[in-house]
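Peer 1: Heads up: the sequence lines are chains A and B, in that order.
Note that the first sequence covers residues 1 to 190 in full-length UniProt numbering.
Note that the second sequence covers residues 1 to 190 in full-length UniProt numbering.
Heads up, the beta-carbon is just placed ideally off N, CA and C, and yes, glycines get one too.
Input: one structure, supplied below.
Number of protein chains: 2
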Amino acid sequence: MPTATEQKIIDAAVRLFASQGYDATSVQEIVKAAEVTKGALYHYFRSKDDLLFEIYRLLITAQSADLDRIIALGLPAADTVREIMRSLVVSTAERVDETSVFFRELHRLGQERMADFRAERRRYHETFLAVVEKGQADGEFSSAVPADTVVLVAVGVVNQLPTWFRPDGQKSPARLADEIADFVLAGLRT
Amino acid sequence: MPTATEQKIIDAAVRLFASQGYDATSVQEIVKAAEVTKGALYHYFRSKDDLLFEIYRLLITAQSADLDRIIALGLPAADTVREIMRSLVVSTAERVDETSVFFRELHRLGQERMADFRAERRRYHETFLAVVEKGQADGEFSSAVPADTVVLVAVGVVNQLPTWFRPDGQKSPARLADEIADFVLAGLRT
């Protein structure tokens with residue numbers, strides 16, 4: 001969990017990166033908007049690049065912890081898929097700015113950071129894939145479409161959400177999550 | 001259709017934008033990589049911004065024309081959805097670099113360009129939506145999930161494709177398109 005100061009810096013950086021772009025935002029502007037000293041910022045983050053990565057790391061860490069919690073419940077495959085979709089849709093909808101900034105600036109991460117990012121995403125993806133594969137092996141899900149394609153479809157709509165989701169839109173994140181889960185589960189029905 | 005010179009400029013710009021970023025690429029570098037004169041570049045494109053937009057406009061224009069052709073065939077709704085998914089997956093997979101560069105730099109487009117882009121995407125989206133709605137109204141598709149969510153899922157996986165598709169991967173674009181279409185159609189089955 002980030003400290004209150006760390007969170008203030010992250011929130012200010014997200015707002016500035018989202019509204020005026022990463023390049024156009026200086027550390028000085030972030031410090032001013034967050035109402036902290038430059039010393040405080042450099043205490044938590046070595047660089048602007050570090051801050052960008054942290055913005056996303058917090059999101060994916062929360063999603064991964066949520067995934068582990070869901071798996072540990074040991075529910076039937078369909079319920080597990082529904083809970084995973086709810087967790088992904090709701091957490092992404094709540095942090096639309098963070099996610100869009102991160103994906104836009106992803107190519108700026110250095111090799112080490114990119115490797116960390118890919119490893120964490122891969123772990124998430126493979127855990128989800130294993131749920132679908134087990135459901136197919138147990139006959140709870142249809143095997144008509146390979147599990148990897150099912151997961152790409154299910155995760156794709158979530159990763160695209162920042163481009164179309166509006167917090168003031170007609171459907172709440174919870175309702176959207178249920179509709180998306182319904183559709184994915186309908187596709188898996190035997 | 002772009003002229004041969006225009007295409008050379010676009011190809012060079014896409015390669016440079018994809019490998020080193022839009023900001024870090026100068027018009028001079030594009031001219032050099034495309035082996036054309038600066039005068040030729042400015043004959044076709046007013047600015048780097050103009051070139052960025054054109055990269056994407058060519059893709060979406062081709063996709064829209066393909067959509068009109070598919071609709072004109074007057075096929076049953078399921079066949080129409082399959083053809084649309086094939087068109088989207090195959091055309092996006094063939095232009096992975098163009099699509100990722102464009103989405104990454106989208107926020108740089110001026111208001112007028114952004115409005116054009118949104119209008120063209122909306123037209124595509126609404127045409128696809130009408131196909132699903134008609135299939136639901138005619139009872140050919142299940143109405144369990146609202147058509148707008150179905151289209152967001154179907155289009156989401158295509159828009160995310162540039163982040164995971166590898167031209168040297170195990171599945172061809174045509175095979176991927178069929179698997180994705182199978183899954184979307186399974187979700188719509190009555």
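Consult DSSP for A:Thr37 and reduce its assignment to one of helix, strand or coil.
Peer 2: Along the first sequence, read from residue 1 onward, the residue named residue 37 of chain A stands at position 37. Residue state, collapsed to three classes: coil.
Peer 1: Check A:Glu6 in the structure and name its three-state DSSP category.
Peer 2: Your numbering for residue 6 of chain A matches position 6 in the first sequence. Note: A:Glu6 maps to helix in three-state DSSP.
Peer 1: If you drop the 5 nearest sequence neighbours on each side, which residues of the same chain put their C-beta closer than 7 angstroms to that of B:Val90?
Peer 2: Locating residue 90 of chain B in the second sequence gives position 90, counting from the first residue. These residues qualify, in order along the chain: Pro173, Ala174 and Ala177.
Peer 1: Between the stretch 93 to 103 of chain B and the stretch 43 to 60 of chain B, are three or more C-beta pairs nearer than 8 angstroms?
Peer 2: yes
Peer 1: Closest to B:Gln63 by C-alpha separation, out of B:Val150, B:Arg86 and B:His43, would be which residue?
Peer 2: By one-based count along the second sequence, residue 63 of chain B stands at place 63. Nearest C-alpha to B:Gln63: B:Arg86.
Peer 1: Chain B beta carbons: is any one of them nearer than 9 angstroms to that of A:Glu112?
Peer 2: Along the first sequence, read from residue 1 onward, the residue named residue 112 of chain A stands at position 112. No, no contact with chain B.
Peer 1: Determine whether the beta carbon atoms of B:Thr25 and B:Leu59 lie at a separation below 9 angstroms.
Peer 2: Position 25 of the second sequence, counted from the start, is the residue given in the question as residue 25 of chain B. Position 59 of the second sequence, counted from the start, is the residue given in the question as residue 59 of chain B. Not in contact: B:Thr25 and B:Leu59 (Cβ atoms no closer than 9 angstroms).
Peer 1: For B:Glu140 and B:Ala147, I'd like the C-alpha separation in whole angstroms.
Peer 2: Along the second sequence, one-based indexing puts residue 140 of chain B at 140. Along the second sequence, one-based indexing puts residue 147 of chain B at 147. Those two C-alpha atoms are separated by around 13 angstroms.
Peer 1: Using the beta-carbon of each residue, which ones in chain A are nearer than 9 angstroms to B:Thr149?
Peer 2: Looking up residue 149 of chain B in the second sequence gives position 149. Val157, Lys171, Leu176, Glu179, Ile180, Asp182 and Phe183, listed in chain order.
Peer 1: Determine, for B:Ser47, whether the minimum Cβ-Cβ distance to residues of chain A falls below 9 angstroms.
Peer 2: By 1-based counting over the second sequence, the position of residue 47 of chain B is 47. No - not a single Cβ of chain A is within 9 angstroms of the one on B:Ser47.
Peer 1: Using a Cβ cut-off of 9 angstroms, pull out every chain A residue sitting near B:Gln63, in sequence order please.
Peer 2: Mapped onto the second sequence, residue 63 of chain B falls at position 63. Neighbours of B:Gln63 on chain A: none; closest Cβ ~16 angstroms, over 9 angstroms.
Peer 1: Please check the pair B:Ser142 and A:Ala154, which I expect to be a contact at CB under 8 angstroms, by giving their CB distance rounded to whole angstroms.
Peer 2: As a working note, residue 142 of chain B is residue 142 in the second sequence. As a working note, residue 154 of chain A is residue 154 in the first sequence. So it is not a contact: roughly 18 angstroms between Cβ atoms.
Peer 1: Please compile the residues from chain B whose C-beta is within a distance smaller than 7 angstroms of the C-beta of A:Leu152.
Peer 2: Translated into the one-based positions of the first sequence, residue 152 of chain A becomes position 152. Val157 and Trp164, listed in chain order.
Peer 1: Closer than 7 angstroms, Cβ to Cβ, to anything on chain A: give me those residues from the stretch 28 to 58 of chain B, in chain order.
Peer 2: none
Peer 1: Could you pull the start and end residues of the alpha helix (DSSP H) that A:Thr190 belongs to?
Peer 2: Residue mapping note: residue 190 of chain A aligns to position 190 of the first sequence, counting from 1. Looking at the DSSP string, A:Thr190 is not in any alpha helix (DSSP H), and its letter there is neither H nor E.
Peer 1: What did DSSP end up calling A:Gln57 once you bin it into helix, strand or coil?
Peer 2: Against the first sequence, residue 57 of chain A aligns to sequence position 57. Note on identity: in this sequence residue 57 of chain A is Arg, with Gln being the wrong assignment. DSSP places A:Arg57 in helix when its eight states are reduced to three.
Peer 1: Taking A:Leu88 as the reference, give the member of A:Thr190, A:Ile180, A:Leu188 and A:Lys48 with the closest Cα.
Peer 2: Position 88 of the first sequence, counting from 1, holds the residue named residue 88 of chain A. That would be A:Ile180, whose Cα lies nearest to the Cα of A:Leu88.
Peer 1: How would you call A:Gly110, buried or exposed, if buried means at least 16 neighbouring beta carbons within 10 angstroms?
Peer 2: Numbered from its first residue, the first sequence carries residue 110 of chain A at position 110. The residue is exposed, with fewer than 16 neighbouring Cβ atoms inside 10 Å.
Peer 1: Round the Cβ separation of A:Gly156 and B:Gly135 to the nearest angstrom and send it over; I've been treating them as touching at under 8 angstroms.
Peer 2: Within the first sequence, residue 156 of chain A is the residue found at index 156, counting from 1. Within the second sequence, residue 135 of chain B is the residue found at index 135, counting from 1. 22 angstroms between Cβ atoms; not a contact.
Peer 1: Are there 16 or more other CB atoms within 10 angstroms of the CB of A:Gln160, so buried, or fewer, so exposed?
Peer 2: Residue mapping note: residue 160 of chain A aligns to position 160 of the first sequence, counting from 1. A:Gln160 should be labelled buried.
Peer 1: Is it buried or exposed, A:Lys32, if we count other Cβ atoms within 10 angstroms and call 16 or more buried?
Peer 2: Taking the first sequence and counting its residues from 1, one reaches residue 32 of chain A at position 32. Exposed, since its Cβ has fewer than 16 Cβ neighbours within 10 Å.
Peer 1: Note down, in chain order, each residue of its chain lying with its Cβ closer than 6 angstroms to the Cβ of A:Lys38, except the 5 sequence neighbours on either side.
Peer 2: Translated into positions along the first sequence, residue 38 of chain A becomes position 38. Within the same chain, A:Lys38 has close Cβ partners Val31.
Peer 1: Determine, using beta carbons only, whether B:Thr5 and B:Ala40 come nearer to each other than 9 angstroms.
Peer 2: Residue numbering aside, residue 5 of chain B sits at position 5 when the second sequence is read from its first letter. Residue numbering aside, residue 40 of chain B sits at position 40 when the second sequence is read from its first letter. Contact: yes.
Peer 1: Would a check of beta-carbon distances place B:Ala119 closer than 9 angstroms to chain A?
Peer 2: Working through the second sequence from its first residue, we reach residue 119 of chain B at position 119. Proximity of B:Ala119 to chain A, defined by a Cβ-Cβ separation below 9 angstroms, is not satisfied.
Peer 1: Listing by chain order, which chain A residues have their CB less than 7 angstroms from the CB of B:Gln160?
Peer 2: Position 160 of the second sequence, counted from the first residue, corresponds to residue 160 of chain B. Going along chain A in sequence order, the residues near B:Gln160 (Cβ under 7 angstroms) are Gly156, Asn159 and Gln160.
Peer 1: Measure from the alpha carbon of A:Leu188 to the alpha carbon of each residue in A:Pro162, A:Phe102, A:Glu133 and A:Asp50, then state which is nearest.
Peer 2: The sequence position of residue 188 of chain A within the first sequence is 188, counting from 1. Out of A:Pro162, A:Phe102, A:Glu133 and A:Asp50, A:Glu133 has the C-alpha closest to the C-alpha of A:Leu188.
Peer 1: Counting only Cβ-Cβ distances shorter than 7 angstroms, please list the residues of the stretch 13 to 24 of chain A near chain B, keeping chain order.
Peer 2: Taking 7 angstroms as the Cβ-Cβ cut-off, the stretch 13 to 24 of chain A approaches chain B at Gly21 and Asp23, given in chain order.
Peer 1: Give, in chain order, every unbroken run of the alpha helix (DSSP H) that is at least 4 residues long and sits entirely within the stretch 85 to 173 of chain A.
Peer 2: 96 to 105, 111 to 137 and 147 to 164
Peer 1: Under 9 angstroms, Cβ to Cβ, is there at least one residue of chain A near B:Pro167?
Peer 2: Counted from its first residue, the second sequence places residue 167 of chain B at position 167. No, B:Pro167 lies away from the interface with chain A (no Cβ there is under 9 angstroms from its Cβ).
Peer 1: Does any residue of chain A have a CB that is nearer than 9 angstroms to the CB of B:Arg108?
Peer 2: Position 108 of the second sequence holds residue 108 of chain B. Interface annotation, B:Arg108: in contact with chain A, CB-CB separation under 9 angstroms.
Peer 1: Compare the C-beta of B:Val132 against all C-beta atoms of chain E and say whether one is closer than 9 angstroms.
Peer 2: Within the model displayed, chain E is absent; protein chains A and B are what it includes.
Peer 1: Can you grab the Cα-Cα spacing for the pair B:Pro2 / B:Arg104, in whole Å?
Peer 2: As a first step, residue 2 of chain B must be located in the second sequence, where it is residue number 2. As a first step, residue 104 of chain B must be located in the second sequence, where it is residue number 104. Looking at the two C-alpha atoms, the distance is approximately 23 angstroms.
Peer 1: Return helix, strand or coil for A:Arg46, following the three-state DSSP convention.
Peer 2: Locating residue 46 of chain A in the first sequence gives position 46, where the first residue counts as 1. In this structure, A:Arg46 counts as coil in the three-state DSSP scheme.
Peer 1: Could you tell me the distance, in whole angstroms, from the CA atom of B:Glu138 to the CA atom of B:Ala78?
Peer 2: Taking the second sequence and counting its residues from 1, one reaches residue 138 of chain B at position 138. Taking the second sequence and counting its residues from 1, one reaches residue 78 of chain B at position 78. Residue 138 of chain B is actually Asp in this sequence, not Glu. Taking the straight line from one Cα to the other gives about 12 angstroms.
Peer 1: Give the straight-line distance between the Cα atoms of A:Arg123 and A:Glu112, rounded to the nearest whole angstrom.
Peer 2: Sequence index remark: in the first sequence, residue 123 of chain A carries index 123 (1-based). Sequence index remark: in the first sequence, residue 112 of chain A carries index 112 (1-based). Taking the Cα positions, A:Arg123 is about 17 angstroms away from A:Glu112.
Peer 1: Could you work out which residues of chain B lie near A:Ser91, taking near to mean beta carbons separated by less than 8 angstroms?
Peer 2: By one-based count along the first sequence, residue 91 of chain A stands at place 91. By Cβ distance, chain B contributes nothing, its closest Cβ being about 16 angstroms from A:Ser91, past 8 angstroms.
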